[in-house]
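Line by line, the protein sequences are chains G and B.
Letter by letter, the first sequence follows residues 885 to 1206 of my numbering.
Letter by letter, the second sequence follows residues 1190 to 1514 of my numbering.
Backbone N, C-alpha and C fix where the C-beta goes; we use that ideal spot for every residue, glycine too.
A quick note: this is a predicted structure, and the numbers were derived from the prediction, not measured.
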Amino acid sequence: MLTFVVRRLVSAILVMFSISVMVFLIFFATPGVNPAARIAGRSASPQVLAQVSAEFGLNRPLPVRYGLMMWHLFVKQDLTSYVNIGVRVIPQITGAAPVTLSLVLGAAVIWLIVGVLGGLVAAANRGKWIDPLIMFGGIAAVSIPVFWLGQVVGLLTQTKFHSVFRWLPGSGYVSFSQSPGQWALHLLLPWLTLATLYAGVYARVLRAELVNAMNEDYVRTARAKGLSERRILVRHALRCSLISVVSLFGLDFGSLVGGAALLTEVVFGLPGIGMLTDTSLQNLDLPVIMACVMYGAFFIVVASAVVDVLYAVLDPRVRVVK
Amino acid sequence: MRDLSVSFATRQGLVRAVDGLNLEVGPGEVVGIVGESGSGKSVAMYSVLGLVRDANASITGSVTFEGSEILGLSDKAMQPLRGGRIGMIFQDPMTALTPVFTVGWQIVEQIRQHTDMTKAQAKDRAIELLAEVGIPDARRRVDSFPHEFSGGMRQRVVIAMALSCNPRLLIADEPTTALDVTTQAQILELMGRLRDTHGSSIVIITHDMGVIAEMADRVTVMYAGRPVESGPETDVVRAPRHPYTWGLLGAVPRLGQRSDRLATIPGNVMSPLDVPEGCAFAPRCEYAMPACERRPVMTGDRHEHACWLSPEQRVAIRASVESRS
C-alpha cells in the first residue's frame, strides 16, 4: 500500500512538471507572439519591454527561460504583474486560494451528504413514488444554471424576503481566522448554490450505480446469506458503488478548487481563484494567468492522485500486490 | 414443493419459466434437477428462497420446508431461512462474492447474522470452514480478497459460506459449471463428503448427467419448465423412459465408445413464448405421434414420466436403437 502511494505521488510530480513545461511553452514559445509584449500588457513603453526582456531572459535559450520563470514563480516568488504595476503574483494566489477552498469545501460536504442520501433513498425505494421524485429533483438541480440560482437566491434574501433573512449578511467574504461565525454565514448561500448542481449529479450517478450493483451476482449471494435489504444496500452495494462516486468527486473537487467555481464566486462577490483568473484574463495579465493555470492544474493533479489512493483503499483489486 | 409455477409477464406475452414442478427432498438426500439451459431449473430453486425479485414474476404453488409454508413469506420472515436453515451455492464463483471484502469478512458476516457468536469466534469458525472445504493455509487465506483466489478456490469459499450455519438444506445451482474438469471432480467429492458429515439434504441443479450419476439419489428431469421424468437416480440413468432423457444421456460421451461426432438432441430449446399446448418436447422428439398434441401428465409410481409412449413402444425403440449402435 505504501509503495503504491509513493509511486502515485512520484507520478503526480512528473505530471506537474510536464504541465509546467507545456504551460510555459504555450505562453512563451508560441510562434509569432512576442512574450515581452504579452507580459508587459497593453500599450507598454519600450523601456518596460526591455525590462521585461531582461527579467525573463527572453533573449536566452528556451530551457534557461523556463528555469528563470520557474525560479521567479516558485523559489524567489517575486514574479510581478505589469498590468497592476508592482503587484506580486504569488500573494494574489495565496490570498485567493483560501476563499475558494472555503467555498468548495463547505459545498462539497453539503453535496456529498445530500447526493449520497438522495441516491441511497431513491435506490432503496425503486418503483415507489419517492424515487422519481428525487430523480426529478436531481435533474432540476442539474439544470438550473449556477449564475441564475445565485442571483435569484441573492435577490430574494436581500430584497423581497429581507425581513426574514435579516440575519444573513450581504455578499463578500470574511476569513475564518477573523470570525468563524461570520465566515460560515457569509458562505452559507454560496455553499448551497454551488452544492445544488453537484448534489443533483451525485444523487443521479449514485442511484444508477446502486441499481446496477443490486443486479450483481454478489448481491444475490448476500440475499441468500439472509442479510436484510438495508444491509445489502448499504454494506455491499453502496461500498462498491462509492468507487465511481469517489473518482467523480476527486475530479470535481480538483477543478472547482482550481478555479471552476468562478460563477459562484462572481455572483456572490467572493475574491477567489476563479474571480482572479477572470480579472487577469480580462486585463491580459499574463504572469497571473500563468500562475492561475499552474495552480489549477496543480489541484487537479493532486486531486486525481488522492482519488487513486482512495481507490486502492476502497477497491482491493486495484492494490498492487507486492 | 407442490405444483410450483413461475411465470414472467413480458411484452411478448406470458412466459412460463416453471410449470407445475413437484419435488420432495428427504433428510440427507441428494436430489438432482437436470435440464438444458433455459429449462427453468434455476428459477425454480431461486423462487424457493424468494430470490426471484422481478416485479413481473408471479409464483404460484406451494413450498413447504420443515412442515411450514415458505412461499410468499416476506423478506424479513425469510431471513432466518436464507443462509441459516437453507444454504445456497451459485453457478459462477467468479462473481458470487462481493469484491471489496475479504472472504473471511463475508463468512463472518453470515455467521453473525444467524448466531450470537462474537467476531473472534465467528472468525475462528470461518477459518475452520475454509480448512474443511480444502483451502490450504486457511488461517492466512481468511484475510484474502476474492480476486486473490482461483475459480475453484472461490467456489470452495462459497461452499464454506453456504455451510457456515449448518443448513438443513443446501441448494447448489450448477456448482461446477464454471470450473474445469479436475476441479469439478474435487468440488463434487467435497459436497458428497459434506453431506455425509453434516447430514444436510442437497438439491443439485445441473445440465450434466455425469454430475447426477455421481451425486444424486433421485433425479428430476426438466424440459421447458415442466418436469418430464423423475425417479431414483439408478432407474432414471439406467432405464430412462422419456425421449428427452434418452437424448440427455446420449449426449454424455463415453470412454471406449468411438463415434465420429458427439450425439446431440436435434433442435434447440424453443422460445419459452411458444411452448406448445401438448407435450413440450414433441417438436424435437423423434418419436412424436398424434397423442403428443395433448399434454402428458406425470405417471408412474416411484419412477414417474410424462410421455405418451406405451411401455411396449419404449422397449421396441430401445431395442432398435441398441441394434443400430
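How about residue i: is its C-beta nearer than 7 angstroms to some C-beta of chain G?
i: B/L1286; result: yes
i: B/V1232; result: no
i: B/L1240; result: yes
i: B/Q1299; result: yes
i: B/F1470; result: no
i: B/Q1375; result: no
i: B/H1336; result: yes
i: B/Q1170; result: Summary: the structure shown does not reach residue 1170 of chain B, with chain B confined to residues 1190 through 1514, and so no result is reported for it.
i: B/Q1302; result: yes
i: B/R1191; result: no
Consult DSSP for residue i and reduce its assignment to one of helix, strand or coil.
i: B/R1382; result: helix
i: B/F1279; result: coil
i: B/H1494; result: strand
i: B/A1246; result: strand
i: G/R877; result: Chain G is shown only over 885 to 1206; residue 877 of chain G falls outside these bounds and no answer can be derived.
i: B/Y1412; result: strand
i: G/S965; result: coil
i: B/I1324; result: coil
i: G/F912; result: helix
i: B/A1524; result: Lying before the first or after the last residue shown, residue 1524 of chain B is absent from chain B, which here runs from 1190 to 1514.
i: B/R1191; result: strand
i: G/G1180; result: helix
i: G/P919; result: helix
i: G/S1027; result: helix
i: B/T1291; result: coil
i: B/P1429; result: coil
i: B/T1488; result: strand
i: G/R1104; result: helix
i: B/V1417; result: strand
i: B/R1407; result: strand
i: G/F1209; result: Coverage of chain G is limited to positions 885 through 1206, which leaves residue 1209 of chain G absent and any answer about it impossible.
i: G/L1126; result: helix
i: G/V1058; result: coil
i: G/W1075; result: helix
Looking at chain B, is there any beta carbon in it that lies within less than 7 angstroms of the beta carbon of residue i?
i: G/L1094; result: no
i: G/R944; result: no
i: G/G1110; result: yes
i: G/R1123; result: yes
i: G/T1105; result: yes
i: G/Y1102; result: yes
i: G/P1200; result: yes
i: G/F888; result: no
i: G/H1070; result: no
i: G/H1120; result: yes
For chain D, find out if any of its Cβ atoms is closer than 7 angstroms to the Cβ of residue i; answer yes or no.
i: B/Q1201; result: Checking the listed chains, one finds no chain D in this structure; the protein chains it contains are G and B.
Regarding residue i and the ligand FAD, is the C-beta to nearest heavy atom distance less than 6 angstroms?
i: B/V1370; result: Absent from the structure shown: the ligand FAD. Ligands present: none.
Identify each residue in the segment 987-1007 of chain G for which the Cβ-Cβ distance to at least one residue of chain B is less than 8 angstroms, and report them in chain order.
-> none
What residues from the segment 1247-1270 of chain B come within 8 angstroms of chain G, judged by C-beta to C-beta, listed N to C?
-> D1264, K1265, M1267, Q1268, P1269 and L1270
Write down every uninterrupted run of the alpha helix (DSSP H) in the segment 1327-1396 of chain B whose length is 4 residues or greater and which is fully enclosed by it, in chain order.
-> 1327-1330, 1340-1352 and 1370-1387
In the segment 1273-1297 of chain B, which residues sit with their C-beta less than 7 angstroms from some C-beta in chain G, listed in chain order?
-> G1273, M1277, F1279, D1281, T1284, A1285, L1286, T1287, P1288 and V1289
Three-pair Cβ contact test at 8 angstroms for the segment 1305-1314 of chain B versus the segment 1123-1137 of chain G | no
Check each residue of the segment 1387-1400 of chain B: if its Cβ is closer than 8 angstroms to any Cβ of chain G, include it; give the result in chain order.
-> none
Length-filtered (4 minimum) alpha helix (DSSP H) runs lying within the segment 963-1016 of chain G | 973-1008
Continuous alpha helix (DSSP H) assignments of at least 4 residues falling wholly in the segment 1204-1276 of chain B | 1230-1237 and 1264-1267
Do three or more CB pairs link the segment 1023-1030 of chain G to the segment 1038-1046 of chain G at distances below 8 angstroms?
-> no
Cβ contact check for the segment 1183-1190 of chain G and the segment 988-995 of chain G: 3 or more pairs under 8 angstroms | no
On the three-pair Cβ rule with 8 angstroms, is the segment 1338-1348 of chain B touching the segment 1316-1327 of chain B?
-> yes
contact_flag[the segment 1409-1419 of chain B, the segment 1383-1391 of chain B] where n(CB pairs < 8 angstroms) is 3 or more = no
Does the segment 1406-1414 of chain B come within contact of the segment 1209-1229 of chain B, defined as at least 3 CB pairs closer than 8 angstroms?
-> yes
Touching or not, the segment 1046-1059 of chain G and the segment 1069-1077 of chain G, by the rule of three or more beta carbon pairs under 8 angstroms?
-> yes
Contact between the segment 1279-1295 of chain B and the segment 1233-1252 of chain B: three or more CB pairs below 8 angstroms?
-> no
Return the chain-ordered ranges of every alpha helix (DSSP H) run that is complete within the segment 1143-1182 of chain G and spans a minimum of 4 residues.
-> 1146-1151 and 1157-1166
Would you check if there are 3 or more beta carbon pairs closer than 8 angstroms linking the segment 1205-1213 of chain B to the segment 1366-1383 of chain B?
-> no
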